[in-house]
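Each step along the sequence shown adds one to the number in UniProt numbering, with nothing skipped, and position 136 is 136.
One structure below.
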Amino acid sequence: MKNNPRELAVIALTKVFQNKAYSNIEISNLLKNSDLSDADSRLMTNIIYGVIQNKYVLEYELKPYLQDKKVELWLDLLLMSAVYQLHFLDKIPDHAVLNESTEIAKQKAGRGASNLVNAVLRNYQRHGYKELPKSNSVYDLSLRNSVPRWLVDLFIDQQGLDKTKEILSSINQPSHVSIRVNTNKTTVKDLQEALDKQGFDVHPSKISSVGLICKSGNLVNTQEFRDGLYTIQDESSMLVAPALDVQPDSKVLDACSAPGGKTTHIASYLKDGEVFALDIHKHKTKLVRENGERMGYGDLISTGAVDARKAKDVLNTKFDRILVDAPCSGLGLIRRKPELRFFRKEEDLKNLQRVQLEILDSMVDLLEVNGKLVFSTCTFDDEENELVVKKFLDKHLNFDLIPVKHDPALDGSMTHGMLKIFPSDYFTDGFFIAAFVRKN
Numbered sequence: 001m002k003n004n005p006r007e008l009a010v011i012a013l014t015k016v017f018q019n020k021a022y023s024n025i026e027i028s029n030l031l032k033n034s035d036l037s038d039a040d041s042r043l044m045t046n047i048i049y050g051v052i053q054n055k056y057v058l059e060y061e062l063k064p065y066l067q068d069k070k071v072e073l074w075l076d077l078l079l080m081s082a083v084y085q086l087h088f089l090d091k092i093p094d095h096a097v098l099n100e101s102t103e104i105a106k107q108k109a110g111r112g113a114s115n116l117v118n119a120v121l122r123n124y125q126r127h128g129y130k131e132l133p134k135s136n137s138v139y140d141l142s143l144r145n146s147v148p149r150w151l152v153d154l155f156i157d158q159q160g161l162d163k164t165k166e167i168l169s170s171i172n173q174p175s176h177v178s179i180r181v182n183t184n185k186t187t188v189k190d191l192q193e194a195l196d197k198q199g200f201d202v203h204p205s206k207i208s209s210v211g212l213i214c215k216s217g218n219l220v221n222t223q224e225f226r227d228g229l230y231t232i233q234d235e236s237s238m239l240v241a242p243a244l245d246v247q248p249d250s251k252v253l254d255a256c257s258a259p260g261g262k263t264t265h266i267a268s269y270l271k272d273g274e275v276f277a278l279d280i281h282k283h284k285t286k287l288v289r290e291n292g293e294r295m296g297y298g299d300l301i302s303t304g305a306v307d308a309r310k311a312k313d314v315l316n317t318k319f320d321r322i323l324v325d326a327p328c329s330g331l332g333l334i335r336r337k338p339e340l341r342f343f344r345k346e347e348d349l350k351n352l353q354r355v356q357l358e359i360l361d362s363m364v365d366l367l368e369v370n371g372k373l374v375f376s377t378c379t380f381d382d383e384e385n386e387l388v389v390k391k392f393l394d395k396h397l398n399f400d401l402i403p404v405k406h407d408p409a410l411d412g413s414m415t416h417g418m419l420k421i422f423p424s425d426y427f428t429d430g431f432f433i434a435a436f437v438r439k440n
């Protein structure tokens, strides 16, 4: 069943929940190694994301029919994928879901497994969808949105109930693709017209003047992409390079650079300057260089495989701009990487805060006096953002917090000079940006 989209979906889901694999990478690998039609590719992708985004709901629906029976992970995921199709995908005939699910179980584990799948699904079909509880309790919000209770508690504690409900209702909606236009090679308008002619329905970003968004489509497989006219990048991360206030002759350190989207954005502002891009993994610095070459900035970008926490011990030069796009929980990415909600643990937030502060501490002596340091994350958790800023300023009295340079349209996302975007605000990744200046 190499080209069976339902079986491939279960294979990918098993890797996600058994090995903590990322769904987007598993989907990409399966698409490369199978001969699925476009329709089957969409079905497989839909099932994978749908099961992850609705995991608690699907478990709730199946519980009366499985009772306390322990089943293997793949079988549990096969049942969840079937219920997802039966309830959420109205264009698929029920008999197709039942027949294929029982056949997959039979091929994998014999008649006993197929009989179980058949019995559970026919039972579910007979009794129908069980309505979910509708209260605003942490348990009910967790269940309805398939988000762990500790995360719901955290969101409510930090953002309040109303904002939490907004965030939760937005993160399970399908994401779109966004691209950053390389305005040194083309204009936003010209690229939009070129992509529209190829059948891509693209329109301008609401938050970045160099961004275009597209509901779907393979935007990596175009001549324009190969020619470096754009790169795939979330809209909210397009706000980071402008916050650095890069000048044509700036000497910039990008301390955590891979895969290089922000690095090339920084390079787009340079003429006589340079950007030195670090990453802890050598193979990822290769990605940064390749991205830079494709975009036309190879001569402005150099790379080094360095742990940013040790940068002060390795580098013997100073910079007038430093970007720390720090490792974080990635909670702002849950729409595109829905499995992150299950991978993260509460203790991760404190551990990540410690790493972020170690990286920032390592940057202090590498920044010129009057130089600017930008700290960014793809999370909206206070512990990894505002608390990191406070601890950094408390320790380094020669640094001041300065307002993040931003478009006036984003004034509503600014608090105490820091920019914070929630996934529900503009349908982008959740993101945080703070800027500092070194006084002496």
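By construction, the Cβ of each residue, glycine as well, lies at the ideal position given by its N, Cα and C atoms.
Considering only residues of the region 31-86, which uninterrupted alpha helix (DSSP H) runs meet the minimum length of 4 residues and lie entirely inside it, listed in chain order?
Here the runs fully enclosed are 38-53, 55-66.
Distance, Cα to Cα, T102 vs L410?
C-alpha separation (whole angstroms): 52 Å.
For F17, tell me which candidate among I25, L397, F342, F427 has the shortest Cα-Cα distance.
Ranking I25, L397, F342, F427 by Cα distance to F17 puts F342 first.
Using only the alpha-carbon positions, how far apart do N54 and D325 sit?
Taking the straight line joining both Cα atoms gives about 30 Å.
Under 9 Å between the Cβ atoms of S142 and Y56?
Cβ distance < 9 Å, so S142 and Y56 count as in contact.
Have a look at G296, K390, I301, Q356 and flag the residue whose alpha-carbon is nearest the alpha-carbon of T186.
Scanning G296, K390, I301, Q356 for the CA closest to the CA of T186 turns up G296.
Cβ-Cβ separation, H176 to I207 (assumed contact under 8 Å), whole Å:
Actually they are not in contact, since the Cβ atoms of I207 and H176 sit about 13 Å apart, beyond 8 Å.
In terms of residue numbering, what span does the alpha helix (DSSP H) encompassing V306 cover?
Going by DSSP, V306 is part of no alpha helix (DSSP H) at all; its letter is neither H nor E.
Contacting residues, own chain, Cβ-Cβ under 8 Å from K106 (five flanking each side not counted):
Here the set comprises A113, S114.
According to DSSP, what are the bridge partners of L387?
Beta-bridge partners assigned by DSSP to L387: none are found.
Close Cβ partners of L43 (< 7 Å) along its chain, the five nearest in sequence each way excluded:
Once the five neighbours on either side are set aside, the close Cβ partners of L43 are P5.
Length of the line joining the Cα atoms of L151 and E346:
Near 8 Å, if we compare the C-alpha coordinates of E346 and L151.
Give the straight-line distance between the Cα atoms of R226 and V220, rounded to the nearest whole angstrom.
If I take the Cα positions, the gap works out to 8 Å.
Taking the alpha carbon of Y65 as the reference point, which residue from D196, L79, V404 has its own alpha carbon closest?
Cα-wise, what sits closest to Y65 is L79.
Could you compute how far the alpha carbon of Q158 sits from the alpha carbon of D382?
If you take the alpha carbons of Q158 and D382, they lie about 7 Å apart.
CA-to-CA distance, S268 to R289, given in whole angstroms:
Answer to the nearest angstrom: the Cα atoms are 14 Å apart.
Sequence-distant residues of its chain with Cβ nearer than 8 Å to residue 515 (five each side left out)
This structure cannot speak to residue 515, because the chain is shown only from 1 to 440.
Start and end of the beta strand (DSSP E) containing H203?
Its beta strand (DSSP E) spans residues 202-204.
Three-state class that DSSP yields for G430 in the structure shown
Of the three classes helix, strand and coil, the one that applies to G430 here is coil, per DSSP.
Secondary structure at T187, three-state DSSP: helix, strand or coil?
Three-state DSSP puts T187 in coil, outside helix and strand.
Count the other CB atoms within 10 Å of the CB of P408; is the residue buried (16 or more) or exposed (fewer)?
Answer is exposed; the Cβ neighbour count stays below 16.
Residue burial classification, P340 (beta-carbon count within 10 angstroms, cutoff 16):
Checking the sequence, you will find Leu at residue 340 rather than Pro. By the neighbour-count rule (16 or more Cβ atoms within 10 Å), L340 is buried.
Let's see if you can read the secondary structure: which residues bound the beta strand (DSSP E) around V275?
274-279 is the extent of the beta strand (DSSP E) around V275.
Taking the beta carbon of D429 as the centre, do at least 16 other beta carbons fall within 10 Å, making it buried, or is it exposed?
Buried, because 16 or more other Cβ atoms sit within 10 Å of the Cβ of D429.
With distances taken from CA atoms, which of A82, F380, N24 is nearest Q353?
Looking at A82, F380, N24, the one whose alpha-carbon comes closest to that of Q353 is F380.
Alpha-carbon to alpha-carbon, A96 and V202
Spanning the two alpha carbons is a distance of roughly 35 Å.
Please report the straight-line C-alpha distance between D348 and F431, rounded to a whole angstrom.
In this structure, the alpha-carbon of D348 lies about 18 Å from that of F431.
Distance, Cα to Cα, V374 vs V437?
Those two C-alpha atoms are separated by around 9 Å.
Proximity of N145 and K337 at Cβ, strictly below 9 Å
No, they are not a contact pair.
Can you list the alpha helix (DSSP H) stretches of 4 or more residues lying completely in the region 122-181, in chain order?
Segments of the alpha helix (DSSP H) lying fully in the region 122-181: 138-145, 149-159, 161-171.
Assess, as a yes-or-no matter, whether the region 300-307 is touched by the region 265-283 under the definition of 3 or more beta carbon pairs within less than 8 Å.
Enough Cβ pairs lie closer than 8 Å, so yes.
So, under 8 Å CB-CB, S376 and I433 are touching, yes? Tell me the CB distance rounded to an integer number of Å.
5 Å between Cβ atoms; contact.
Measure the C-alpha to C-alpha separation of K271 and V210 and round it to an integer number of angstroms.
Rounded to whole angstroms, K271 to V210 spans 19 Å at the Cα level.
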